[in-house]
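Encoded as structure tokens, the structure appears first; notes follow it.
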Amino acid sequence: MEQPLLMMENISKSFNGITVLDSVSFSVKKGEVHALMGGNGAGKSTLMKILTGVYSADQGDIFIDGKKVEIHNTDDARNNYISMIFQEFSLIPSLTVAQNIFLTRESKTSLGLLNDKQCIEETEKLLEELDVDIHPNDIVGNLGVGYWQMTEIAKALSQETKILVMDEPTSSLTQKETEILFSFIQRLKNKGYAIIYISHRMEEIFEICDRITVLRDGKFVATEECRNTDLDTVIQHIVGRDSNKAFEWKERPYSTDVTPVLEVKNLQAGSKVKDVSFKVFPGEILGIAGLMGSGRSETARAIFGIDAKEGGEILINGEQKTIKTAPDAIDAGLALIPEDRRMQGLILEHSVKENIILPILSKLKKGPVLDEAKANEMASHFVEKLRIKTDDIFKTSRLLSGGNQQKIVLAKWLANNPEILILDEPTIGVDIGAKTEIIDVIRELADSGKAIVVISSEFPELMALSDRVIAMHNGQVVKELRRTEIHSEEELQHAIQGN
Amino acid sequence: MPSKEINAPGQVAFGKSKPRPVQKLDWRNYIVYFAFIGVLIYFSISLFDDGFVSTDNLLNIARQTAMISIMGVAMTFVISTGEIDLSVGSTTALASLTAALAIQSGFGMLGGLVAGLGTGLIVGLINGLLITRFVIPSFLVTLGMMGIVKGMAMWVTDTAPVPIINSAFNFLFGSGDIGSVPILLVWTLLATVAAHILLRKTSFGRQTLATGGNESAARFSGVKTHRIKLMVFLGTGLAAGFAGILYAGRMHAGRYTFGDGDELSVIAAVILGGTSLFGGVGTVIGTLIGSLMIGTINNGLIIMGLDVSQQMMIKGLIIILAVAFGKKAMKN
Ligand SMILES: Nc1ncnc2c1ncn2[C@@H]1O[C@H](COP(=O)(O)OP(=O)(O)OP(=O)(O)O)[C@@H](O)[C@H]1O
Ligand SMILES: [Mg+2]
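As they're listed, the protein sequences go chains A and B.
Take any residue in the first sequence, note its place counting from 1, add 87, and you have its number in this note's numbering.
Take any residue in the second sequence, note its place counting from 1, add 160, and you have its number in this note's numbering.
The following block contains the structure:
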């Protein structure tokens with residue numbers, strides 16, 4: 088039998104006495120794409136952080152090419168040719184793309200000074216190979232999330248690597264970019280790299296992976312050959328029970344003869360939003376589809392008053408509103424769940440509870456003071472409802488897994504019970520079990536008469552949720568489709584290309 | 161999902177990378193330069209008859225600002241990592257005394273230099289270790305150190321000044337002129353050039369900015385952020401020690417009052433220059449200009465005949481306005 092390139096054996100790890108990994112074993116072969124799956128908080132990122140020296144295991148061994156290796160810090164990992172694309176971005180916003188990619192590995196001139204020219208040239212080559220349209224001198228903080236992801240990938244590939252770990256690399260990429268990434272993974276695979284791929288998107292896993300290992304609650308559940316298994320089996324491994332009608336669309340009755348709750352007329356903002364008009368009716372879920380850069384998020388930001396509007400009108404319940412700042416928007420009954428939630432939506436050093444109740448503090452008062460009992464109840468309610476995996480509601484948000492942090496932000500805005508809810512990529516990084524929950528919560532909200540706008544790059548999600556879909560291209564609405572007119576994802580794919 | 165070729169016209173996201181202009185120069189980053197030029201022009205015109213533009217006066221400004229500039233370029237690194245060092249003023253005082261004492265005890269110029277710089281390095285080392293090992297916020301550590309070191313400076317000679325009778329030392333480290341160029345200006349330029357290269361052209365500088373830009377991301381990328389922080393505090397310690405030596409050389413004595421309140425001028429110079437108080441963005445040249453600007457304002461106000469209380473108020477106002485204006489411009 089072929090010797091695996093990487094073996095991790097009986098790895099255990101606990102934080103403050105709470106076991107996060109319990110004797111997990113796992114191996115990857117050369118030229119293999121191996122999916123690591125499991126619900127939010129199952130321990131995937133932790134296992135990979137042990138491999139890359141961010142954490143050290145309490146127990147267990149790591150073997151590379153059959154030889155035992157000690158990995159105690161990121162240097163050790165690098166010396167063993169292990170690179171990782173982290174779920175939490177490891178980029179410095181204030182540095183340029185090239186400076187980030189070669190951070191700590193800059194080429195030097197004969198005087199020992201940084202040779203920026205060479206770094207820029209090499210970055211240029213890398214970006215060209217990845218087919219990414221950014222410049223090495225762009226400041227990372229000024230780029231969109233999708234570009235961050237590609238920069239991360241370029242960074243990982245810029246060093247000599249045998250084992251490449253990707254922790255949810257596609258969570259902020261669109262279909263098109265994902266395809267580019269996949270063809271790249273295919274090439275790496277043919278070159279003999281071992282790739283560990285973490286994702287919550289099932290279709291992806293079956294498209295590019297050779298084997299799947301599933302963790303649940305820190306324990307190893309199964310390793311399966313992709314071609315010998317199917318979606319249902321994997322989902323069952325992940326959630327530990329039978330899956331349910333996850334992504335089925337339900338027709339929901341609502342009326343379009345009334346005044347729309349939200350009407351956007353000829354909105355113009357910045358270079359990305361050129362002319363956007365749409366209506367949302369009470370009880371309706373409107374989906375917005377589009378490529379990265381098509382101006383979807385920017386439209387949401389402009390409506391919400393984060394970016395300045397340069398033209399157009401916003402009508403709420405038929406009344407024209409001036410929304411210049413986010414508080415104006417909140418007063419008008421709007422809520423926006425932003426795209427990069429961990430950066431914009433969460434106070435990482437605060438507890439789960441404090442984050443959830445932040446927007447509704449004024450509603451949780453008992454006399455002049457905060458009604459702690461009610462606040463705790465509120466927080467617990469959402470932790471349960473969205474299945475946020477945390478020891479208790481007082482845990483610091485920073486210590487939760489990536490997907491669970493996403494859920495806190497959702498909970499925060501759902502608790503606020505807004506009239507109009509705009510969700511930008513609501514289920515990024517959320518596991519399959521919780522995705523269903525979130526979709527249900529959104530539907531419930533719509534059923535109670537709220538107007539909802541969902542921006543999503545995941546077609547299955549758009550298809551499951553939307554009553555109507557508008558496609559955006561180059562800052563304009565290019566197509567509007569009732570859900571009943573859409574028969575396949577291909578039609579959506581076509582619509583967002585702008586033809 | 162078949163990977164069909166879908167190439168939409170005018171597609172924004174991905175495509176053959178087309179050449180793009182290098183990051184445009186942004187005038188906002190240079191606001192301090194304009195402000196400085198504005199202040200210079202204003203005083204040149206309004207104080208022309210009072211001799212503001214004379215070479216003598218301009219060189220005098222360079223002399224008066226040298227210590228602030230030198231500590232400022234070191235502070236640029238500390239602030240770039242998102243930290244702060246409040247102890248530089250006190251360290252200056254103590255270093256002037258240890259240097260003077262060493263010379264008085266017959267260790268000569270070199271002895272004075274070693275004692276002064278050593279004092280600064282020890283303070284920096286203690287600051288750095290407390291901040292990185294015990295993870296105490298730098299604001300607290302250096303606030304505490306500010307008091308401790310000041311106390312030591314008063315205690316070491318029971319507040320008595322220590323005269324320095326060593327003309328070589330006094331010439332080289334403060335009072336001398338090379339031709340008509342003050343030696344203090346030479347030191348300032350040397351420190352600025354060295355620090356500029358260190359920040360812009362070495363991996364240490366890059367890692368300093370990375371640490372301040374996003375510490376955990378920097379750590380994931382293999383930056384030893386604690387070591388970087390320790391180094392930047394050694395840097396401000398060293399610079400404060402050297403500033404103490406320069407004060408001593410200029411005044412021919414060590415004295416506990418030297419550097420009183422300098423930490424605030426130094427921090428103001430750094431922030432005025434365009435370094436971000438939140439870390440991640442830093443500029444050494446900006447700091448030099450910031451320091452010169454504060455010095456020029458001081459000088460101009462004195463020539464105008466304003467008294468100290470008026471000077472302080474106007475200086476404070478200008479600093480707030482400049483920073484606020486820079487911030488506002490940054491947002492738009
Ligand atoms: N430093 C830490 N201190 C305490 N608990 C932690 C720490 N890091 C992770 N955990 C806990 O360990 C568990 C596993 O987290 P991990 O990030 O590995 O999950 P994951 O499988 O990657 O989930 P996701 O799909 O949401 O990213 C979580 O319950 C998390 O709260
Ligand atoms: Mg994770």
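Positions of the beta carbon are idealized from the N, C-alpha and C atoms, including for glycine.
Just so we're clear, the structure is a prediction, and the values are computed from it rather than from any experiment.
* Does the Cβ of glycine 490 (chain A) lie closer than 8 Å to at least one heavy atom of ligand 2? -> Working through the first sequence from its first residue, we reach residue 490 (chain A) at position 403. With a cutoff of 8 Å, glycine 490 (chain A) counts as near ligand 2, since its C-beta is closer than that to a heavy atom of the ligand.
* To do: Could you pull out every unbroken beta strand (DSSP E) segment of at least 3 residues lying fully inside the stretch 328-392 of chain A, listed in chain order?
  => Within the stretch 328-392 of chain A, the complete beta strand (DSSP E) runs of at least 3 residues are 349-356, 360-367, 372-377.
* Can you say whether alanine 260 (chain B) is buried or exposed, counting buried as having 16 or more other CB atoms within 10 angstroms of its CB? => As a working mapping, residue 260 (chain B) is identified with position 100 in the second sequence. Counting Cβ neighbours within 10 Å, alanine 260 (chain B) comes out buried, since at least 16 surround it.
* Please decide whether valine 441 (chain B) counts as near chain A, where near means a Cβ-Cβ distance under 9 Å. => As a working note, residue 441 (chain B) is residue 281 in the second sequence. Yes, because at least one Cβ of chain A sits closer than 9 Å to the Cβ of valine 441 (chain B).
* **aspartate 162 (chain A): contacting residues in chain B (beta-carbon distance under 8 Å)** => If you number the first sequence from 1, residue 162 (chain A) lands on position 75. Gly382, listed in chain order.
* Whole-number beta carbon distance between arginine 383 (chain A) and asparagine 559 (chain A), since they are thought to touch under 8 Å -> Stepping through the first sequence from its first residue, residue 559 (chain A) is reached at position 472. Stepping through the first sequence from its first residue, residue 383 (chain A) is reached at position 296. As written in the sequence, residue 559 (chain A) is methionine, which differs from the asparagine given in the question. About 5 Å separates the two Cβ atoms, so the contact holds.
* **Residues, ordered as in the chain, of the stretch 443-470 of chain A that lie near chain B by beta-carbon distance below 7 Å** => Listed by position along the chain: nothing, the set is empty.
* Asked: Would leucine 466 (chain B) count as contacting chain A if we go by Cβ distances under 9 Å?
  -> Taking the first residue of the second sequence as position 1, residue 466 (chain B) is located at position 306. For leucine 466 (chain B), the answer is no, since every Cβ of chain A falls outside 9 Å of its Cβ.
* Got a sec, what are the start and stop residues for the alpha helix (DSSP H) tyrosine 280 (chain A) sits in? -> On the first sequence, position 193 is the one that residue 280 (chain A) refers to. Run containing tyrosine 280 (chain A): none; DSSP gives neither H nor E here.
* What do you reckon, are the CB atoms on lysine 306 (chain A) and valine 111 (chain A) nearer than 9 Å? -> Position 219 of the first sequence, counted from the first residue, corresponds to residue 306 (chain A). Position 24 of the first sequence, counted from the first residue, corresponds to residue 111 (chain A). Cβ atoms of lysine 306 (chain A) and valine 111 (chain A): closer than 9 Å.
* In this structure, does DSSP put alanine 551 (chain A) in helix, strand or coil? -> For the purposes of this step, residue 551 (chain A) is taken as residue 464 along the first sequence, with counting starting at 1. If DSSP states are grouped into helix, strand and coil, alanine 551 (chain A) belongs with the helices.
* Going along chain B, which residues have a C-beta under 7 Å from leucine 182 (chain A)? -> Along the first sequence, one-based indexing puts residue 182 (chain A) at 95. For leucine 182 (chain A), the neighbours in chain B by C-beta distance under 7 Å run, in chain order, Leu369, Ala370, Gly373.
* Shortest alpha-carbon distance to isoleucine 529 (chain A) belongs to which of A:Ile105, A:Leu486, A:Lys472, A:Ile583? -> On the first sequence, position 442 is the one that residue 529 (chain A) refers to. Closest option to isoleucine 529 (chain A), Cα to Cα, is A:Lys472.
* Beta-carbon contacts of aspartate 478 (chain A) that lie in its chain and below 8 Å, excluding the five residues immediately before and after -> Against the first sequence, residue 478 (chain A) aligns to sequence position 391. Ile105.
* To do: Kindly indicate if chain A contains any beta-carbon less than 9 Å away from that of arginine 387 (chain B).
  => As a position in the second sequence, residue 387 (chain B) is number 227, starting the count at 1. Judged by the 9 Å Cβ criterion, arginine 387 (chain B) is not in contact with chain A.
* Asked: Cβ of glutamate 255 (chain A) within 8 Å of any heavy atom in ligand 4?
  -> What this structure holds is ligand 1 and ligand 2, not ligand 4.
* Cβ shell of valine 483 (chain B) (< 8 Å), same chain only, five flanking positions each side left out -> As a working note, residue 483 (chain B) is residue 323 in the second sequence. Closer than 8 Å at Cβ, skipping near neighbours: Ile431, Leu432.
* To do: Would you kindly check if the distance between the Cβ of aspartate 317 (chain A) and the Cβ of glycine 562 (chain A) is under 9 Å?
  => In the first sequence, the residue the question calls residue 562 (chain A) occupies position 475. In the first sequence, the residue the question calls residue 317 (chain A) occupies position 230. Not in contact: glycine 562 (chain A) and aspartate 317 (chain A) (Cβ atoms no closer than 9 Å).
* Can a CB atom of chain A be found closer than 9 Å to the CB of isoleucine 244 (chain B)? -> Within the second sequence, residue 244 (chain B) is the residue found at index 84, counting from 1. No, isoleucine 244 (chain B) does not count as interfacial toward chain A.
* Asked: What distance in whole Å lies between the Cβ atoms of alanine 253 (chain B) and glycine 397 (chain B), which are believed to be in contact at a cut-off of 8 Å?
  -> The residue you call residue 397 (chain B) lines up with position 237 of the second sequence. The residue you call residue 253 (chain B) lines up with position 93 of the second sequence. Between the beta-carbon of glycine 397 (chain B) and that of alanine 253 (chain B) there is about 14 Å, and that puts the pair past the 8 Å contact cut.
* Run down chain B in chain order and give the residues with a C-beta less than 7 Å from the C-beta of arginine 274 (chain A). => Start at 1 with the first residue of the first sequence, and residue 274 (chain A) comes out as number 187. Under the 7 Å cutoff, chain B gives no residues; its nearest Cβ is about 12 Å from arginine 274 (chain A).
* Asked: If we call anything under 9 Å between Cβ atoms a contact, is isoleucine 480 (chain A) one with asparagine 463 (chain A)?
  -> Working through the first sequence from its first residue, we reach residue 480 (chain A) at position 393. Working through the first sequence from its first residue, we reach residue 463 (chain A) at position 376. With respect to the 9 Å criterion, isoleucine 480 (chain A) and asparagine 463 (chain A) are classified as neighbours on the basis of their beta carbons.
* Asked: Does serine 298 (chain B) have its Cβ less than 9 Å from a Cβ in chain A?
  -> What you label residue 298 (chain B) is simply residue 138 of the second sequence in a count that begins at 1. No, serine 298 (chain B) does not count as interfacial toward chain A.
* Asked: Around the C-beta of asparagine 374 (chain B), are 16 or more other C-beta atoms found within 10 angstroms, so that it is buried, or is it exposed?
  -> Stepping through the second sequence from its first residue, residue 374 (chain B) is reached at position 214. With at least 16 other beta carbons inside 10 angstroms of its own, asparagine 374 (chain B) counts as buried.
* Asked: Going by Cα to Cα distance, which pick from A:Lys136, A:His574, A:Gly327 is closest to phenylalanine 173 (chain A)?
  -> Here residue 173 (chain A) is taken as the residue at index 86 of the first sequence, counted from 1. The alpha carbon of phenylalanine 173 (chain A) has as its nearest neighbour, out of A:Lys136, A:His574, A:Gly327, the alpha carbon of A:Lys136.
* **Contact set for proline 223 (chain A): own chain, Cβ-Cβ below 6 Å, skip 5 residues either direction** => Counted from its first residue, the first sequence places residue 223 (chain A) at position 136. Taken in chain order, the residues that qualify are Val184, Ala185, Ile207, Thr210, Glu211.
* If we count Cβ pairs, one from each stretch, closer than 8 Å, do we get three or more for the stretch 500-518 of chain A versus the stretch 536-553 of chain A? -> They touch, by the three-pair rule.
* Please determine if the stretch 342-358 of chain B and the stretch 438-453 of chain B are in contact, where contact requires at least 3 C-beta pairs separated by less than 8 Å. => Yes, they touch.
* Beta-carbon proximity check, glycine 460 (chain B) vs phenylalanine 212 (chain B), cutoff 9 Å -> Within the second sequence, the letter at position 300 stands for residue 460 (chain B). Within the second sequence, the letter at position 52 stands for residue 212 (chain B). In this structure, glycine 460 (chain B) places its C-beta atom within 9 Å of the C-beta atom of phenylalanine 212 (chain B).
* Does the stretch 409-423 of chain B come close enough to the stretch 330-343 of chain B to have 3 or more Cβ pairs within less than 8 Å? -> In short, these stretches touch, since the Cβ pair count reaches three.
* Secondary structure of alanine 429 (chain B), DSSP reduced to three states -> Taking the second sequence and counting its residues from 1, one reaches residue 429 (chain B) at position 269. In the three-state DSSP reduction, alanine 429 (chain B) falls in the helix class (H, G or I).
* Asked: Rounded to the nearest angstrom, how far is the Cβ of phenylalanine 271 (chain A) from that of leucine 217 (chain A), given a contact under 8 Å?
  -> Taking the first sequence and counting its residues from 1, one reaches residue 271 (chain A) at position 184. Taking the first sequence and counting its residues from 1, one reaches residue 217 (chain A) at position 130. Confirmed, Cβ separation roughly 7 Å.
* Can you find a heavy atom of ligand 1 that lies under 8 Å from the Cβ of threonine 133 (chain A)? -> Taking the first sequence and counting its residues from 1, one reaches residue 133 (chain A) at position 46. It does: the Cβ of threonine 133 (chain A) is within 8 Å (strictly closer) of some heavy atom of ligand 1.
* Asked: What does threonine 362 (chain B) reach in chain A if we use C-beta pairs closer than 8 Å?
  -> As a first step, residue 362 (chain B) is located in the second sequence; it is residue number 202 there, counting from the start. Residues of chain A passing the Cβ test: Gly199, Leu200, Leu201.
* Asked: Got a sec: is the Cβ-Cβ distance from alanine 377 (chain B) to anything in chain A below 9 Å?
  -> Here residue 377 (chain B) refers to the residue found at position 217 when the second sequence is read from its first residue. At least one chain A Cβ lies under 9 Å of alanine 377 (chain B).
* Where glutamate 186 (chain A) meets chain B, residues with beta-carbon distance less than 7 Å -> In the first sequence, the residue the question calls residue 186 (chain A) occupies position 99. Note on identity: in this sequence residue 186 (chain A) is glutamine, with glutamate being the wrong assignment. Ordered by position in chain B, the residues that pass the 7 Å Cβ test against glutamine 186 (chain A) are Arg366.
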